[in-house]
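Numbering (the working numbering), first residue to last: 1 to 266.
Ideal Cβ positions, reconstructed from N, Cα and C, are used throughout, including at glycine.
Let me begin by presenting the structure, written as structure tokens, before commenting on it.
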């Protein structure tokens, strides 16, 4: 498993039966091993973009390439060896153990219905250990906390041995402790990572680069220091955004207010 460059060239998407694009032609590059955060208001096109990246929806225009290979010009099994996704919602009502769920990450690497051998078992065990899940390997998914379930799905993605990992709101529905655990985990993955996030302050502290979307169009793409300006955030989210420098730090912290109001948004 090694990180690869992700290149998106003029990728767009429009749902059937609707006029216009949910995502207009979008281009960006994520260098191997870097973490790109996708931010924007509801309806900005974040989920539409992610679905193109993990091959759920085919782009209306453009190409998506991992390591120089177009993921839509290869069989699904081959693409699944390059890209893994961790989505917001996890099934909790089926009778599979944590170990069995993580082992599903090996399916794209198997021929037909063959079972995994010793080498694949070692990969699954390594993913369980990396996510501190070995002691839960025989627990059923439905008995776990939200943070534990999120770690299980990331472990399954790691067992898939992708080059690019896509995460859709990985901190959604998690309390503060579990949010911090998941973010710490993401920081230490040796992969190219693309994640959507709602919290701009979390995104600024986590991501190497940020892509800001509004109404399906790119407003800015660059490092957090380059793109997270008061004017741009105000424009993107239709709020009065104010950036303060944290004490003894070079990190900016944003607070948000309704425009023409003084009450901060929590």
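Buried versus exposed, by CB contacts within 10 Å (16 or more), residue i
i, result
"residue 53", "buried"
"residue 263", "Because residue 263 sits at a pLDDT of 46, beneath the cut-off of 50, its placement in the model cannot be relied upon, and the point is left open."
"residue 138", "exposed"
"residue 155", "buried"
"residue 245", "exposed"
"residue 218", "buried"
"residue 135", "exposed"
"residue 289", "Shown here, the chain extends from 1 to 266; a query on residue 289 therefore has no answer."
"residue 104", "exposed"
"residue 145", "exposed"
"residue 44", "buried"
"residue 59", "buried"
"residue 230", "exposed"
Paired residues, beta bridge with residue i - DSSP
i, result
"residue 212", "39 and 220"
"residue 26", "11"
"residue 83", "164"
"residue 6", "30 and 66"
Enclosing beta strand (DSSP E) for residue i [first to last residue]
i, result
"residue 50", "Run containing residue 50: none in the beta strand (DSSP E); it sits in the alpha helix (DSSP H), 46-53."
"residue 62", "61-66"
"residue 107", "First-last for residue 107: undefined, no H or E at that position."
"residue 254", "252-257"
"residue 243", "240-245"
N-terminal and C-terminal residue of the alpha helix (DSSP H) that residue i is part of
i, result
"residue 71", "Here residue 71 belongs to no alpha helix (DSSP H), and DSSP marks it neither H nor E."
Tell me, please, whether the stretch 179-186 touches the stretch 98-105 by the rule of three or more beta-carbon pairs shorter than 8 Å. no
Which runs of the beta strand (DSSP E), 3 residues or longer, sit entirely within the stretch 137-223? 164-168, 192-196, 209-214 and 217-222
Is it true that the stretch 167-177 meets the stretch 78-91, where meeting means three or more beta-carbon pairs spaced less than 8 Å apart? yes
Does the stretch 140-151 come into contact with the stretch 115-126, if we say contact requires no fewer than three beta-carbon pairs (one atom in each stretch) closer than 8 Å? no
Closer than 8 Å is the cut-off here; do at least three beta carbon pairs connect the stretch 197-205 with the stretch 31-45? yes
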